[in-house]
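> One structure coming up, written as structure tokens, with questions to follow.
Residue numbers (the UniProt record's numbering): 1 to 636.
Here is the structure:
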């Protein structure tokens, strides 16, 4: 029996253009699309070429025009300051118009680039929408990024303006942003002409005369200003979002206006199952694609109330922070990264903090951003007694490739799988030579071209790099750089990045499969497996274990048990002989484990501190743990 998903996917396969034409009818267009897809335009074709619209109009103006101006658009909750506030569509629109008028007064116009280097504050979201309103292209850089990384993004984008705050707030510390911005501008070849600084009471920044201006003082005169949206082409860029590149030079993922509007609007109702007026909380940061798509744009486009949270899953003040927010603001669907739940589970294994809060209307938890190990997923199911949905996508795609679509009727859950491809995505698994491989066999996961609306059309001013990075290796396909397999039911299993595949004595082994086994040990809260150089086998796996807080046993015994579990459940072919207990795993601020850096340390390869790391001290702890086991680590 087919559910809504199978019908929707079949409709897309049967006539892709008709499918997306129908989805596009829900968007306000200043000039409606005559052609849905233009195969000869761009690198692999373009969606809605010739049409004109404006993303800010679709997020705000059309809801106000429909009589929803007094309804809540944005909820702000800061666990760092205790501030809580609700903003109606009317209020958000007023602030966005004022900021947009300020940008125009500073000489910023259609096509100009603006860097946002901000904490999780409403003003950051207002500024993104203000850029969209006037057709400027924003590039959000995670607040607190290293100055050299910020400088690289200023140079690559050619930004004329930086919008920042005096500081960000982390548990137990205040992070000064302005000195980092000053240093970045000094390092950059392309000097931004102006810098708007939002002064926070926790730390006042010193302003540079002639360049810097107080954000509030600059915006205040324009409150009450009327400013219409600029009409932009559907194929014009909305934003540039930088992601790490293998060369060290960041890759600027371009997102267009038209396809982005259509895809995100479709996803909110059909994948996440949300209706206008309901509260959706994406517990991420606007510096990442998850924040762009599902804190800012998708909820507002579809008329769903979005929640901005300044805080952490643990430590602000405890592992009950998420449940406090869900209960207070009547969150219907929560979306976060698996790493957040591993942190919560480590602190609150028995769910005592969860039990303190009433959350009768929370109906689903979505996980993405990294692989959701089955043990964490099962724990969340037990604790919350709601569907826990793993789904898979990338910065480049901007919205889910594979998911269990709540709005179309939930599919049977298979732990460890993000379920089935969404309409628009035809996914295949190929061997290294580009040949399809049988179900259950590990291979390269690719997507048949063209990519659907909402996905990147190219990299910023780097068409050749886009082709070489994503298209050349498997002609006719987009290379995801993820490895996995498809089972007999068509369910996808994402096991690791392709560079996390271990080649051990000729056998291709998945780190993800070994991590699944490690995570089944009752004393293990979190784990990571990397491949290290082995003189005999080429590579051998090495596991890192973070134990639950309540564990009182000797770590050596647990390590031996994990080694035995791998041998028993995967087999001697895995050659898994080393497990190391550590206090923490090194992660990016978005929660991804820095396996590549750990591998370099273990192999004695020179490494540099990743710009995205959450806590640099953790890598030094990892290096010391490896040295004690005889691995050839080198300093940076």
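Here a beta-carbon is modelled for each residue, glycine too, at the ideal position from N, C-alpha and C.
Going by CA-CA distance only, name the one from 148, 406, 386, 512 that's closest to residue 188.
As a first step, residue 188 must be located in the chain shown, where it is residue number 188. That would be 148, whose Cα lies nearest to the Cα of residue 188.
> How many angstroms separate the CA atom of residue 487 from the CA atom of residue 552?
Sequence index remark: in the chain shown, residue 487 carries index 487 (1-based). Sequence index remark: in the chain shown, residue 552 carries index 552 (1-based). About 40 angstroms.
> Less than 7 angstroms between C-beta atoms, sequence neighbours within five positions excluded: which residues of the same chain meet that for residue 607?
Along the chain shown, one-based indexing puts residue 607 at 607. Taken in chain order, the residues that qualify are 597, 600, 601, 636.
> Counting C-beta neighbours from all protein chains within 10 Å, is the total for residue 163 16 or more, i.e. buried, or is it exposed?
Here residue 163 refers to the residue found at position 163 when the chain shown is read from its first residue. Burial call: buried.
> Could you have a look at residue 294 and say whether DSSP puts it in helix, strand or coil?
Reading the chain shown from its first residue, position 294 is the one you call residue 294. It is helical.
> Suppose you measure from the CA of residue 127 to the CA of residue 326; what does that come to, to the nearest Å?
Reading the chain shown from its first residue, position 127 is the one you call residue 127. Reading the chain shown from its first residue, position 326 is the one you call residue 326. Between residue 127 and residue 326, the C-alpha separation is close to 26 angstroms.
> Between residue 1 and the rest of its own chain, which residues show a CB-CB distance below 7 angstroms, the 5 nearest in sequence each way excluded?
Here residue 1 corresponds to residue number 1 of the chain shown, with the count starting at 1. In this predicted model, residue 1 has a pLDDT of only 41, less than 50, meaning its place in the structure is not dependable; the value taken from the coordinates is given anyway. Correct list: empty, nothing qualifies.
> Just confirm the distance between the C-beta atoms of residue 140 and residue 237, as a whole number of angstroms; I'd bet it's less than 8 angstroms.
Stepping through the chain shown from its first residue, residue 140 is reached at position 140. Stepping through the chain shown from its first residue, residue 237 is reached at position 237. In fact, because the Cβ distance is near 14 angstroms, the residues do not count as touching under 8 angstroms.
> Quick one: grab the DSSP three-state call for residue 587.
Looking up residue 587 in the chain shown gives position 587. DSSP places residue 587 in strand when its eight states are reduced to three.
> Can you check whether the CB of residue 129 is closer than 9 angstroms to the CB of residue 167?
Taking the first residue of the chain shown as 1, we reach residue 167 at position 167. Taking the first residue of the chain shown as 1, we reach residue 129 at position 129. No, these two residues do not count as a Cβ contact at 9 angstroms.
> Along the chain, which unbroken stretches of the alpha helix (DSSP H) at least 4 residues long are found entirely within the stretch 319 to 361?
List check, alpha helix (DSSP H) in window: 321 to 329, 338 to 347.
> Based on the DSSP secondary-structure assignment, which residues constitute the bridge partners of residue 539?
As a first step, residue 539 is located in the chain shown; it is residue number 539 there, counting from the start. Note: residue 539 sits in a beta bridge opposite 533.
> Check this for me: beta carbons of residue 165 and residue 117, under 9 angstroms apart or not?
For this step, residue 165 is matched to residue 165 along the chain shown. For this step, residue 117 is matched to residue 117 along the chain shown. Yes, the pair counts as a contact, with Cβ atoms nearer than the cut-off.
> Using DSSP with H/G/I as helix, E/B as strand and the rest coil, what is residue 265?
Within the chain shown, residue 265 is the residue found at index 265, counting from 1. The answer is helix: DSSP assigns residue 265 an H, G or I state.
> Let me know if residue 657 comes out buried or exposed under the rule of 16 or more other beta-carbons within 10 Å of its beta-carbon.
This structure cannot speak to residue 657, because the chain is shown only from 1 to 636.
> Return the CA-CA distance between residue 530 and residue 66, expressed in angstroms with no decimal places.
Position 530 of the chain shown, counted from the start, is the residue given in the question as residue 530. Position 66 of the chain shown, counted from the start, is the residue given in the question as residue 66. Approximately 53 angstroms between the Cα atoms of the pair.
> With residue 576 and residue 543 assumed to form a contact (beta carbons below 8 angstroms), what rounded beta-carbon distance in angstroms separates them?
The sequence position of residue 576 within the chain shown is 576, counting from 1. The sequence position of residue 543 within the chain shown is 543, counting from 1. Confirmed, Cβ separation roughly 7 angstroms.
> Do residue 525 and residue 345 come within 9 angstroms of each other at the CB atom, strictly closer than that value?
Numbered from 1 along the chain shown, position 345 holds the residue referred to as residue 345. Numbered from 1 along the chain shown, position 525 holds the residue referred to as residue 525. The answer is yes: Cβ separation under 9 angstroms.
> Which value, in whole angstroms, describes the spacing of the CA atoms of residue 603 and residue 500?
One-based indexing of the chain shown puts residue 603 at position 603. One-based indexing of the chain shown puts residue 500 at position 500. Looking at the two C-alpha atoms, the distance is approximately 14 angstroms.
> Put residue 119 into one of helix, strand or coil per three-state DSSP.
Position 119 of the chain shown, counted from the first residue, corresponds to residue 119. Correct three-state label for residue 119: coil.
> Quick one: grab the DSSP three-state call for residue 229.
Taking the chain shown and counting its residues from 1, one reaches residue 229 at position 229. If DSSP states are grouped into helix, strand and coil, residue 229 belongs with coil.
> Considering only the beta carbon of each residue, do residue 449 and residue 44 sit closer than 9 angstroms?
On the chain shown, position 449 is the one that residue 449 refers to. On the chain shown, position 44 is the one that residue 44 refers to. Yes, the pair counts as a contact, with Cβ atoms nearer than the cut-off.
> Would you call the stretch 247 to 262 in contact with the stretch 99 to 106, where contact means no fewer than 3 C-beta pairs closer than 8 angstroms?
They do not touch, by the three-pair rule.
> Measure from the alpha carbon of residue 93 to the alpha carbon of each residue in 70, 356, 111, then state which is nearest.
Counting from 1 along the chain shown, the entry for residue 93 is found at position 93. Checked all of 70, 356, 111; the closest Cα to residue 93 is 70.
> DSSP state of residue 523, grouped into three classes?
Start at 1 with the first residue of the chain shown, and residue 523 comes out as number 523. It is coil, neither helix nor strand.
> Going by the beta-carbon positions, is the gap between residue 580 and residue 626 smaller than 9 angstroms?
Walking along the chain shown from the start, residue 580 turns up at place 580. Walking along the chain shown from the start, residue 626 turns up at place 626. Cβ distance < 9 angstroms, so residue 580 and residue 626 count as in contact.
> Under 9 angstroms between the Cβ atoms of residue 495 and residue 511?
Position 495 of the chain shown, counting from 1, holds the residue named residue 495. Position 511 of the chain shown, counting from 1, holds the residue named residue 511. Their beta carbons are under 9 angstroms apart, which means residue 495 touches residue 511 by this criterion.
> Among all the DSSP beta bridges, which residues are the ones paired with residue 484?
The count along the chain shown starts at 1 and reaches residue 484 at position 484. Its beta-bridge partners are 443, 494.
> How would you call residue 85, buried or exposed, if buried means at least 16 neighbouring beta carbons within 10 angstroms?
Start at 1 with the first residue of the chain shown, and residue 85 comes out as number 85. That one is exposed.
> Here's the rule: buried if 16 or more other CB atoms are within 10 angstroms of the residue's CB, otherwise exposed. What is residue 3?
Translated into positions along the chain shown, residue 3 becomes position 3. When all chains shown are included, residue 3 counts as exposed.
> Does the beta-carbon distance from residue 485 to residue 446 come in below 9 angstroms?
Here residue 485 refers to the residue found at position 485 of the chain shown. Here residue 446 refers to the residue found at position 446 of the chain shown. Not closer than 9 angstroms, so no.
> Once DSSP output is grouped into helix, strand and coil, what is the label at residue 96?
Taking the first residue of the chain shown as 1, we reach residue 96 at position 96. Correct three-state label for residue 96: helix.
> Would you mind giving the Cβ-Cβ distance between residue 229 and residue 61, rounded to the nearest angstrom? I have them listed as a contact below 8 angstroms.
Locating residue 229 in the chain shown gives position 229, counting from the first residue. Locating residue 61 in the chain shown gives position 61, counting from the first residue. Contact flag correct, Cβ pair sits at about 6 angstroms.
> Excluding five sequence neighbours on each side, which residues of the same chain lie with their C-beta closer than 6 angstroms to the C-beta of residue 213?
Working through the chain shown from its first residue, we reach residue 213 at position 213. These residues qualify, in order along the chain: 196.
> Return the Cβ separation of residue 264 and residue 297 in integer angstroms, given the expectation that the two are a contact with Cβ distance under 8 angstroms.
Locating residue 264 in the chain shown gives position 264, where the first residue counts as 1. Locating residue 297 in the chain shown gives position 297, where the first residue counts as 1. That belief holds up - the Cβ atoms of residue 264 and residue 297 are roughly 6 angstroms apart, short of 8 angstroms.
> Whole angstroms are fine: how far does the CA of residue 9 sit from the CA of residue 271?
Mapped onto the chain shown, residue 271 falls at position 271. Mapped onto the chain shown, residue 9 falls at position 9. Taking the straight line from one Cα to the other gives about 12 angstroms.
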